[in-house]
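Residue numbering for the sequence shown follows the numbering used here, beginning at 9 and increasing consecutively.
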Amino acid sequence: MLARSLKFQPLIRLFITLAFLFIQFNAGSQSLEEIKSAAGKDQWEKARSGIDRWLSDATNAKNPEGWYLKSLILFKIVSNKESRALAPAGQRESFDAYKKYLDLLAAQKKEIPADHEILFGLYFNEVDRANHEFQYKNYAEALQGFLEVEEMEQYMLKKGLQYQDFRFPAFDTQLYVNIAAAAASAGREDLALDYYRKIADQKIAGKGFDGIYRYLVDRFDKKGDRSTRDK
Numbered sequence: 009m010l011a012r013s014l015k016f017q018p019l020i021r022l023f024i025t026l027a028f029l030f031i032q033f034n035a036g037s038q039s040l041e042e043i044k045s046a047a048g049k050d051q052w053e054k055a056r057s058g059i060d061r062w063l064s065d066a067t068n069a070k071n072p073e074g075w076y077l078k079s080l081i082l083f084k085i086v087s088n089k090e091s092r093a094l095a096p097a098g099q100r101e102s103f104d105a106y107k108k109y110l111d112l113l114a115a116q117k118k119e120i121p122a123d124h125e126i127l128f129g130l131y132f133n134e135v136d137r138a139n140h141e142f143q144y145k146n147y148a149e150a151l152q153g154f155l156e157v158e159e160m161e162q163y164m165l166k167k168g169l170q171y172q173d174f175r176f177p178a179f180d181t182q183l184y185v186n187i188a189a190a191a192a193s194a195g196r197e198d199l200a201l202d203y204y205r206k207i208a209d210q211k212i213a214g215k216g217f218d219g220i221y222r223y224l225v226d227r228f229d230k231k232g233d234r235s236t237r238d239k
């Protein structure tokens, strides 16, 4: 009897291990539904900590849905003044999570959705924040915001992403004006010159743009760069 019992011990251990893995798998799947439920009830702190735990599992981290859910949760948090403090870096984290979601879809040859509401929502949130900072003369913060807007815009342009019928222009003149103005006001003349030159190199003209050319001529004249000034 003892020999027979010893013979079956490895098999019993295997069954216990398999049963444990099965329980863990189901618990992971169930927890994702619980996270969705918490988000649906506006329990953002619970939803955020839950999705971070869920994605910390290596297997779960390969699931695009998890990254989409993380991006959505963080987007909802930063879009609400009452919950924004829960995720001070939520804007960036949501953007990075959405990029991870798209990368996994592409790697797994899954269909890429036609609309990208979260990304465009993050974009316009950051535009509003940067404009607000500029209005209140927080120029360094405004500059950081506008540069992040540019990063998101360039990413979406490169990927050919859209929301409904909206797409970004290939050359966003207004954004470059905003970056240059914030840079100049923040004492970053080098950066202001770079972005005003982007506009000048496109030979963009019209009401209000003469000031940009005067700014460039004046600054390059002071630098002694006559060739660029004359151009």
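The beta-carbon is built from N, C-alpha and C at its ideal position, and this holds for glycine as well.
First and last residue of the alpha helix (DSSP H) that includes residue i?
i	result
HIS140	125 to 143
SER87	First-last for SER87: undefined, no H or E at that position.
GLU119	Per DSSP, GLU119 belongs to no alpha helix (DSSP H) and is neither H nor E.
PHE179	No alpha helix (DSSP H) contains PHE179, which DSSP labels as neither H nor E.
PHE217	Note, PHE217: premise wrong, no alpha helix (DSSP H); not H, not E.
GLY48	10 to 48
For residue i, collect the residues of the same chain with a Cβ closer than 7 Å to its Cβ; drop the 5 residues on either side in sequence, then sort them by chain order.
i	result
THR236	PHE228
LEU130	PHE83, GLN99, SER102, PHE103 and MET160
ALA198	The residue you asked about is not Ala; residue 198 is Asp in the sequence shown. None.
ASP111	none
VAL225	ARG237
ILE212	THR181
TYR147	ALA190, SER193 and ALA194
PHE176	GLU161, MET164 and LEU165
GLY153	GLU134, ARG137, ALA138 and GLU141
Consult DSSP for residue i and reduce its assignment to one of helix, strand or coil.
i	result
PHE228	helix
PHE174	strand
LYS107	helix
SER193	helix
ASN71	coil
THR236	helix
LYS54	helix
ILE207	helix
SER79	helix
SER102	helix
ALA93	helix
LEU169	coil
ASN186	helix
ALA150	helix
ASP202	helix
ASP60	helix
Please check the pair residue i and residue j, which I expect to be a contact at CB under 8 Å, by giving their CB distance rounded to whole angstroms.
i	j	result
SER57	SER79	SER57 to SER79, Cβ: 16 Å. No contact.
VAL245	VAL157	The structure shown does not extend to residue 245, since the chain is modelled only from 9 to 239, so the question has no answer here.
TRP62	GLY74	6 Å
HIS140	TYR171	About 22 Å separates the two Cβ atoms, so there is no contact after all.
LYS54	ALA66	With a Cβ gap of about 23 Å, LYS54 and ALA66 do not count as contacting.
GLN210	PHE179	6 Å
ALA188	ALA200	5 Å
Leaving out the 5 sequence neighbours to the left and right, which residues in its chain are closer than 6 Å to residue i when beta-carbon positions are compared?
i	result
ILE85	TRP52, SER91, LEU94, ALA95 and GLY98
LYS206	TYR184
LEU151	ALA190, ALA191 and ALA194
GLN38	Model confidence at GLN38 stands at a pLDDT of 47, short of 50, so the residue's coordinates are unreliable; what they give is reported in the following sentence. Counting only Cβ-Cβ distances below 6 Å, and skipping sequence neighbours, we find nothing.
Grab me the residues of residue i's own chain with a C-beta within less than 8 Å of its C-beta, minus the 5 sequence neighbours each way, in chain order.
i	result
ASP60	LYS78
GLY219	none
LYS167	LEU110
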